[in-house]
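Residue numbers (this note's numbering), protein chains in the order written: chain A, 1 to 371; chain B, 1001 to 1351.
See structure below.
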Amino acid sequence: MPPNQNQSQARPEQDEPLAPRGAVSGESTARPAPGELLRSSLRWETGLVMAVIAIVIAGAVVSPQFLTGANLFNLGLSYGEIAIMTLPMALIVISGEIDLSVASILGMSSAVLGILWSYHWPMLLIFVVVACVGALAGLLNGLLITRLGLPSLAVTIGTLALYRGIALIILGPKTISSFPVTYTNVGVNTVPGTQLTYSAGIFIVLAVIFGAVLHFTPFGRSIYAMGASPDAARFAGIRVKRVKTILFVVSGLVCALAGVLWTFRLSTAVQNNGLGLELDVVAIVLLAGVSIFGGKGTMAGVVLAVLVYTGLQNLLLLTNFNQEATGIVTGAILLASVFVPNAASFASRFSDQLRKRRGKIRPSAARAGLK
Amino acid sequence: MSTTLTPRREPPQPSGPEVSSRRLTERVFRVRESGILAVLIVFVAVTAAVQPRFLDLANIQFVLINATIFALLAVGETMVVVSRNVDLSIGSVVGLSAYLSASMFSHVHGIPIPVVFLAGLAIGLACGVANGLMVSLGRVPSLVVTLATLYIIRGIDILIVGGNQVVARSLPAAFLNIPQDTIAGIPDMAIAVAIVVAAGAYYLRSFRSGRELYAIGSNPDGARLAGISVGKRVFTAFAISGALAGLAGVLWAAQYQTIDSTAGTGYELTVISAVVVGGVAIFGGSGTAVGAALGALLLGTITSALYVLGISPFWDQSIAGFLLLLAISLDRAISVRLLTALRLRSSRGAT
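Here you go:
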């Protein structure tokens, strides 16, 4: 139905018969793609499930501590905020953009929370202000990217510095740590009746919501469409700019929430809260099988990637591996996540290269043809 | 230094019919660079008007030395960014090279300083080669590859360093004096980096392989169809970026003198900011090494200007971020203008 609609819309506007035909053939080749896409990403998710199982087994073998409730609680505590921030990041990357300012929004909202609390504002009002700050930060990102047409990579590197800078201006060298126990308890207590931390609980709820929106609503499907081809999405009547702006605003809001959780967990607001987390968040999203070029990835993959990432970090902790050097493992997984799916084409290209080197025919011929 | 990195040279061939449009684009780029220079001059003038001490020789030297490491990194990053790639691993390379090269002084007694610089260069080159191989042969996005090597190289650094650090006591005086050494009042480091910047700018401007980096950045598929060996060029860009980061690591060691496993953390984003402020398009195809170095100098000047003016250094980051956003917005406006101008010109030429 949709392709026919497109065709009938395109015909009266453009006299050239080539354009609509091209569009239709584009659609028809794209037609089988969703099924194929699902299959290939499912395969990636299967790999992640196996990785999770392997980590759990290895963890249980290495240390009896691994599967205890206390350890899982600590795991949720240490990585809850990062996990929460991966959810909007996944949507943004699927839409073909990137948001490197997430950790700075976390830091800025933490600073706002801290300074307003030190001015004795009521906590509920502070929450409203922090939410507005997060949403505005995301809105600025979104407007610069969609309305001025600037590359998101450059914009969010700029706002990464800008928002962190605002946190610095607000707090300076101060540390604010006089938060009421009712709130700092989120870093101590479990969600009643479970072993989950509050941040882990929020992550699960948000993951379900984000997953439902991404996979089962027209809004979510339009994110895939614009990630795969922004022009095609625009021609199909999707409001690409509006959707992307919304995604950045949501990202800002969620990061503000992560900032609040982070502040209460450590019960301190300092200007460098969450410094450098953006790269961890991006790494998890890419590990999830989300393509950096957009249009590909699933929420299940993101949740599994969070489990793989946190599980591995924890495993390394229990094996007394230098805790700071666990980045090696993160990096290696990241490399594996781009090389393993492309292993076949990579090998063929490599052997091609070798053959070319030996034959030495094509490059020289091409050069001769140019001159 | 850069002669070892530059492949064979071929004379540039100006093509006839496109001279006029090229002159227009060239003029725009000159406008772009002089724009940064103008901002820099205004900044210095305002600061000097408020606080004349800012123009003291000692302070100028301080500013230059502070900016050198970032300017050096910016040259390498420019080559990579111009080819529509990005190198996020340079901060980690700086850290690894800084520690390994500085610790050579205590491992090998009386080792000559040039050897240490060469060692730093080699360490960086090895990292750059690894990045380049993965990006060009694997044809995977450089953002992902260098994000991964950012973690891996930093992790290796942390494993090697352990809980140790190199302290100034174990370094020879001649090495520690490098940041203080001057020729006619200009720091040696600044001169050396200026030479590298000039060499990089000349390479990108006048060498065939340099021009090909722009072609690749403007249109990778088009460049491939035009017979440019894209893989080889991109590989070279990453190798150069890595090698320069290795050199920057040795300079970092000489300047900060206490090296632990956190050296150079977060430099990658600062350098990319400097490059983009300096007018290099983040998606490749335009920008110069001189512009990028000026961008680094501008960001460095802001830091010291705030210090001299007595403004809290906490403003530094937000100003840098704001400048970056301003620079890319301006670039966008200029390129839209340029595009309309070029279109107008070509339509006039057709009729």
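Just so it is clear, CB atoms sit at the ideal spot from N, CA and C, and this is done for glycine as well.
- Judged by DSSP in its simplified three-state form, T86/A adopts helix.
- For H1107/B, the enclosing alpha helix (DSSP H) begins and ends at I1090 to H1107.
- Under the three-state reduction of DSSP output, V1166/B falls in the strand class.
- Counting only Cβ-Cβ distances below 7 angstroms, N322/A has contacts in chain B at I1158 and L1159, in chain order.
- Separation of V1140/B and S291/A (C-alpha to C-alpha, rounded to the nearest whole angstrom) is 11 angstroms.
- Interface criterion met: the Cβ of Q1317/B is under 8 angstroms from a Cβ in chain A.
- Among the residues of chain A, none has a CB under 8 angstroms from the CB of A1122/B; the nearest is roughly 21 angstroms distant.
- When DSSP states are grouped into helix, strand and coil, P1112/B belongs to the coil group.
- Within chain B, the C-beta atoms nearer than 7 angstroms to that of R164/A come from Q1317, in chain order.
- As the crow flies, the alpha-carbon of D352/A is around 21 angstroms from that of G1222/B.
- Between L1326/B and the set T1068/B, T1303/B and V1276/B, the nearest pair of CA atoms involves V1276/B.
- Nearest to S267/A by alpha-carbon distance, out of L87/A, W117/A and L315/A, is W117/A.
- I105/A is outside the set of residues whose beta carbon lies under 8 angstroms from a beta carbon in chain B.
- Rounded to whole angstroms, L1073/B and L1125/B show a C-alpha spacing of 13 angstroms.
- When the alpha-carbon of V102/A is set against those of L113/A, V93/A and M85/A, the nearest one is in M85/A.
- The criterion of a C-beta distance shorter than 8 angstroms is satisfied by L162/A and F1322/B.
- Between V1140/B and chain A, the shortest Cβ-Cβ separation is below 8 angstroms.
- The Cβ of T298/A sits no closer than 8 angstroms to any Cβ of chain B.
- S1229/B is positioned such that its CB atom lies no closer than 8 angstroms to that of I1153/B.
- Interface criterion not met: the Cβ of P230/A is under 8 angstroms from no Cβ in chain B.
- Annotation: the continuous alpha helix (DSSP H) that includes K244/A extends over V240 to L266.
- When beta bridges are read from the DSSP output, P1187/B appears opposite T1182/B.
- In the displayed model, T1288/B falls within coil according to three-state DSSP, outside both helix and strand.
- Between D1157/B and G1095/B, the beta carbon gap of about 5 angstroms places them in contact (Cβ cut-off 8 angstroms).
- Residue contact with chain A for G1285/B: absent (no Cβ-Cβ distance below 8 angstroms to any residue of chain A).
- The Cβ of R1154/B sits closer than 8 angstroms to at least one Cβ of chain A.
- A straight-line Cα-Cα distance of about 23 angstroms links G96/A and E81/A.
- The closest CA to that of L312/A, considering only V302/A, A207/A, I328/A and M299/A, is found on I328/A.
- Of all residues in the segment 230–249 of chain A, none has a C-beta nearer than 8 angstroms to a C-beta of chain B.
- Residue-level contact by beta carbon fails for P88/A and chain B, as no gap is shorter than 8 angstroms.
- Cα atoms of G252/A and G237/A: separation of roughly 26 angstroms, rounded to the nearest angstrom.
- For Q323/A, same chain residues with a beta-carbon under 8 angstroms away, outside a window of 5 residues either side, are L316 and L317 in chain order.
- Contact annotation, A1119/B with M1104/B: C-beta distance approximately 6 angstroms; criterion of less than 8 angstroms satisfied.
- Interface with chain A (8 angstroms Cβ-Cβ cutoff): G1266/B is included.
- Here the alpha carbon of L1342/B sits roughly 27 angstroms from the alpha carbon of A232/A.
- DSSP, read as helix, strand or coil, puts A269/A in strand.
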